[in-house]
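Last residue of the sequence shown: 211 in the numbering used here, with the numbers rising by one and none dropped.
Ideal Cβ positions, reconstructed from N, Cα and C, are used throughout, including at glycine.
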Amino acid sequence: MTTFTTSTVAAHLSTDDEIISAYRSGQQEQAITAFVRLHQRTAYSTALRYLNCPEDARDCAQDALIAAVKSFSTFKGESSLRSWLIRITRNKAIGLYRRQRWLRFLPFGDSDTDHAVMCSSESPFDQLHRNEFEVFFRTILAKIPPRQREVFMMRYFEDLTYDEISAQTGRNVGTLKANYHWAVNTITNLLRTSEYFKEWRSEFNDEL
Numbered sequence: 004m005t006t007f008t009t010s011t012v013a014a015h016l017s018t019d020d021e022i023i024s025a026y027r028s029g030q031q032e033q034a035i036t037a038f039v040r041l042h043q044r045t046a047y048s049t050a051l052r053y054l055n056c057p058e059d060a061r062d063c064a065q066d067a068l069i070a071a072v073k074s075f076s077t078f079k080g081e082s083s084l085r086s087w088l089i090r091i092t093r094n095k096a097i098g099l100y101r102r103q104r105w106l107r108f109l110p111f112g113d114s115d116t117d118h119a120v121m122c123s124s125e126s127p128f129d130q131l132h133r134n135e136f137e138v139f140f141r142t143i144l145a146k147i148p149p150r151q152r153e154v155f156m157m158r159y160f161e162d163l164t165y166d167e168i169s170a171q172t173g174r175n176v177g178t179l180k181a182n183y184h185w186a187v188n189t190i191t192n193l194l195r196t197s198e199y200f201k202e203w204r205s206e207f208n209d210e211l
């Protein structure tokens, strides 16, 4: 009797229909293995187009694949698996780019921030601009009530979900959402007359 290993079965799954059918018939591990094998390069190339940094693109692609695997059971087949993964990767990449762009202005002295700066290939002018903004934005943050500032930092810079923040702070999700909303609005009002307002506004247009 021939014994089929996970990798053997996965190697024979080469289309969306085959992968989805295998997943729904109980061969989840094989289906996921095939999905990653077929589309990991797509995730990487998509991330690279947005981030323009190979190391960041690899990390982003991995995060996107993990997110796709976790939500695979919710895939409705309204698009191809490739298109679905591209959307997930694009959202991850945009989120990472957005955080890194602001983190470049707010160096907290950790390796992730240092890496974001190195990967951005800053010119001396950019570095001066970052240093000026660092002082300015820290002044802005200091004016936000402590609880609002805490939620904003955890939500925006650490990319934590409200449930994760709730677990750490003991506050309910509704309160956290209100804290974050007021923090964004406070920062917006304080930035309104600055040269950085236009960029800030574009980041949070849907929340203002």
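Using a Cβ-Cβ cut-off of 7 Å (strictly less than) and excluding sequence neighbours within five positions of residue i, which residues of its own chain qualify?
i	result
Ala46	Ala64, Ala67, Leu68, Leu88 and Thr92
Arg60	At residue 60 the sequence reads Ala, which differs from the Arg that was named. The residues are Tyr47, Ala50, Leu51 and Leu54.
Ser82	none
Leu99	Leu54, Asp59 and Cys63
Can you round the beta-carbon distance between residue i and residue j to whole angstroms, since I take them to be within the 8 Å contact cut?
i	j	result
Ala186	Arg152	6 Å
Thr189	Ile147	5 Å
Please determine, among the options, the residue with the shortest C-alpha to C-alpha distance to residue i.
i	options	result
Tyr159	Lys146, Gly80, His184 and Glu81	His184
Val39	Ile22, Asp162, Val176 and Lys95	Ile22
Leu193	Leu144, Gln171 and Leu179	Leu144
Glu198	Lys146, Pro148 and Phe140	Phe140
DSSP on residue i, reduced to helix/strand/coil?
i	result
Asn188	helix
Phe78	coil
Pro148	coil
Gln171	helix
Gln65	helix
Ser48	helix
Ser28	coil
Asn94	helix
Asp20	helix
Excluding the 5 residues preceding and the 5 following residue i in the sequence, name in chain order all residues of the same chain whose CB lies nearer than 8 Å to its CB.
i	result
Asn175	Ser169
Gly177	none
Phe78	Ile23, Leu84 and Trp87
What residues in its chain sit with their C-beta under 6 Å from that of residue i, if we drop five residues either side in the sequence?
i	result
Phe200	Leu194
His15	none
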